[in-house]
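Okay, so here's the structure we're looking at.
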Amino acid sequence: MSILNPAVLTELEKQSIELPSWAFGNSGTRFKVFGTPGTPRDPWEKIADAAQVNKYTALAPSVALHIPWDLVDSYDDLRKHAEDLGVSLGTVNSNTFQDDDYKFGALTHEDAAVRNKAIDHHLACIDVMDATGSRDLKIWLAEGSNYPGQADLRGRQDRLNESLQKIYARLGDDQRLVLEYKFFEPAFYHTDVPDWGTSYAQVASLGDKAMVCLDTGHHAPGTNIEFIVMQLLRLGKLGSFDFNSRFYADDDLIVGAADPFQLFRILFEVIRGGGLNNPDVAFMLDQCHNVEDKIPGQIRSVLNVQEMTARALLVDKDALTAAQKSGDVLAANAVFMDAFYTDVRPALAEWRETRGLAGDPMAAYAASGYQQKIAADRVGGVQAGWGA
Ligand code: AOS
Ligand code: ZN
Ligand code: ZN
Numbered sequence: 406m407s408i409l410n411p412a413v414l415t416e417l418e419k420q421s422i423e424l425p426s427w428a429f430g431n432s433g434t435r436f437k438v439f440g441t442p443g444t445p446r447d448p449w450e451k452i453a454d455a456a457q458v459n460k461y462t463a464l465a466p467s468v469a470l471h472i473p474w475d476l477v478d479s480y481d482d483l484r485k486h487a488e489d490l491g492v493s494l495g496t497v498n499s500n501t502f503q504d505d506d507y508k509f510g511a512l513t514h515e516d517a518a519v520r521n522k523a524i525d526h527h528l529a530c531i532d533v534m535d536a537t538g539s540r541d542l543k544i545w546l547a548e549g550s551n552y553p554g555q556a557d558l559r560g561r562q563d564r565l566n567e568s569l570q571k572i573y574a575r576l577g578d579d580q581r582l583v584l585e586y587k588f589f590e591p592a593f594y595h596t597d598v599p600d601w602g603t604s605y606a607q608v609a610s611l612g613d614k615a616m617v618c619l620d621t622g623h624h625a626p627g628t629n630i631e632f633i634v635m636q637l638l639r640l641g642k643l644g645s646f647d648f649n650s651r652f653y654a655d656d657d658l659i660v661g662a663a664d665p666f667q668l669f670r671i672l673f674e675v676i677r678g679g680g681l682n683n684p685d686v687a688f689m690l691d692q693c694h695n696v697e698d699k700i701p702g703q704i705r706s707v708l709n710v711q712e713m714t715a716r717a718l719l720v721d722k723d724a725l726t727a728a729q730k731s732g733d734v735l736a737a738n739a740v741f742m743d744a745f746y747t748d749v750r751p752a753l754a755e756w757r758e759t760r761g762l763a764g765d766p767m768a769a770y771a772a773s774g775y776q777q778k779i780a781a782d783r784v785g786g787v788q789a790g791w792g793a
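Counting from 1 along the sequence shown, just add 405 to a position and that's the residue number in the numbering used here.
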């Protein structure tokens, strides 16, 4: 009998993870961007590649867009294109980090003209959401300062709130805004939304349709991320995840690659807080594939999330609660670790086959010939996000 009981499989069957369109483009560091043969040349091809991930895993039914990286003439057509390929268009990400005007800020800028330009960009993103049927507007701000004294920290926070209020006012009844935090980069002294507390304070003042986005790579080393997950779920303000791995900074590596145990602990708190398959929480990847092929990189990523979710669902909660209540530290820890150390991969492969999927999605994709086909068909791929 499988180690994954029917209750666990029912939960896993509902799991869905949103893919970032930019993960399919070329990306790199400030030192070098290595091109990958077959890289998509436009948003249509990015969505076609994302659909491959879903085809082999049944885990990734939606794709997040980045505006203006994913600018097209007709979002109705893009939506139909996605639907024809069995996926939908998800979160719309705004971009206020590429224009010269935003050198000293966008939503926080001293100059009202620059702030208005940034606000208008977000309103245009909501227009896109209307056409794509997307629910969430994700805002990550590259705003901050490099030197003490450079900026009026308090004034910027006030202006941020005013700007966000104007964006919030444009949201439809079924739309939301998620505000992502990041402790540093591109600014190095201060960031205007550096932590979950600031994001929470800002979105709480806006209203119910504003939530926090937690990117797993945006914390200082040693931060207890699962505690933040617990707290935001407890407060009803965890709107979305950007999953990835970090060794050093905002590495955007494959989720679960750097620290599988941390991913397990996060997913345990997600389940504990009622977040798994709770429609209020969007599970997204925010990754880049600098040196590995992008489609298998994304397949590996969603499988990592699925595997750690399965392990987290295996925690014997009754035994854990009993040990916690009786103060049996080592027994509680042992219950937790038993689940973490359970290899669920054979059981998941078996289960996939019962659902008409390949037991090994990585191997099935590699054998499909799609990678060779796109490498032959596509010439001149775009860097992640840059260009059409
Ligand atoms: C940036 O560090 C953030 O993680 C954002 O989510 C960003 O929009 C994304 O990485 C695409 O650049
Ligand atoms: Zn992110
Ligand atoms: Zn990031």
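The beta-carbon is built from N, C-alpha and C at its ideal position, and this holds for glycine as well.
Here Glu585 is bridged, per DSSP, to Cys618.
Taking a cut-off of 8 Å for Cβ pairs, the segment 437–445 and the segment 464–476 do not touch, as fewer than three such pairs fall below it. Counted as a single uninterrupted DSSP element, the alpha helix (DSSP H) harbouring Thr603 occupies residues Trp601 to Leu611. Distances between the C-beta of Asn682 and the heavy atoms of ligand 1 are all 8 Å or more. In the DSSP assignment, Glu712 falls within the alpha helix (DSSP H) that extends over Lys699 to Leu718. Excluding sequence positions up to five before and after Ser604, its CB lies within less than 8 Å of the CB of Leu584, Glu585, Tyr586, Val598, Val617 and Cys618, all in the same chain and listed in chain order. Within 10 angstroms of the beta-carbon of Asn431 lie 16 or more other beta-carbons, which makes it buried.
Under DSSP, the beta-bridge partners assigned to Val497 are Leu470 and Leu542. Sequence-distant Cβ neighbours of Val707 in its own chain, meaning closer than 7 Å and more than five residues away, are Ile422, Val458, Thr462, Leu464 and Ala465.
Taken from the Cβ of Gly622, at least one heavy atom of ligand 2 lies inside 8 Å. Assignment of Glu758 by DSSP, reduced to helix, strand and coil, places it in the helix class. Spatial neighbours of Ser539 in its own chain (CB-CB distance under 7 Å, excluding positions within 5 residues in sequence) are listed in chain order as Leu494, Gly495, Thr496 and Val497. Annotation: the continuous alpha helix (DSSP H) that includes Ser568 extends over Leu558 to Ala574. Between Gly549 and Phe593, the CB-CB gap stays under 9 Å.
The straight-line gap separating the alpha-carbon atoms of Phe669 and Ala517 is approximately 45 Å.
Within the model, the alpha-carbon separation for Ala763 versus Asp655 is close to 33 Å.
Beyond the five residues adjoining it in sequence on each side, His595 comes within less than 8 Å, by CB distance, of Gly549, Ser550, Ala556 and Leu558 in the same chain, given in chain order. Taking the C-beta atoms as reference points, Gln776 is found no nearer than 9 Å to Ile659.
For Arg564 against Thr621, the beta-carbon gap comes to about 29 Å, at or over 8 Å, which does not count as contact. The alpha-carbon of Pro684 is positioned some 13 Å away from that of Gln580. Between the segment 717–726 and the segment 409–418, the count of Cβ pairs shorter than 8 Å is three or higher; the stretches touch. Met742 counts as exposed, since fewer than 16 other beta carbons sit within 10 angstroms of its beta carbon. Annotation: Val710 to Asn500 spans about 27 Å, alpha carbon to alpha carbon.
The shortest CA-to-CA distance from His527 to any of Gly702, Thr537 and Leu582 is the one to Leu582. Less than 9 Å separates the beta-carbon of Val749 from that of Ala715. As computed with DSSP, Gly433 is found in a beta bridge with Val438. Just so you know, the alpha carbons of Ala547 and Ala772 end up roughly 41 Å apart. Remark: the C-beta of Asp657 is in contact range of ligand 1, defined as less than 8 Å to any heavy atom.
Within the same chain, Gly764 and Asp765 come within 7 Å of Ala754 by CB-CB distance, once the 5 residues on both sides are set aside.
For Ser650, the three-state secondary structure derived from DSSP is strand. At least one heavy atom of ligand 1 lies closer than 8 Å to the C-beta of His471.
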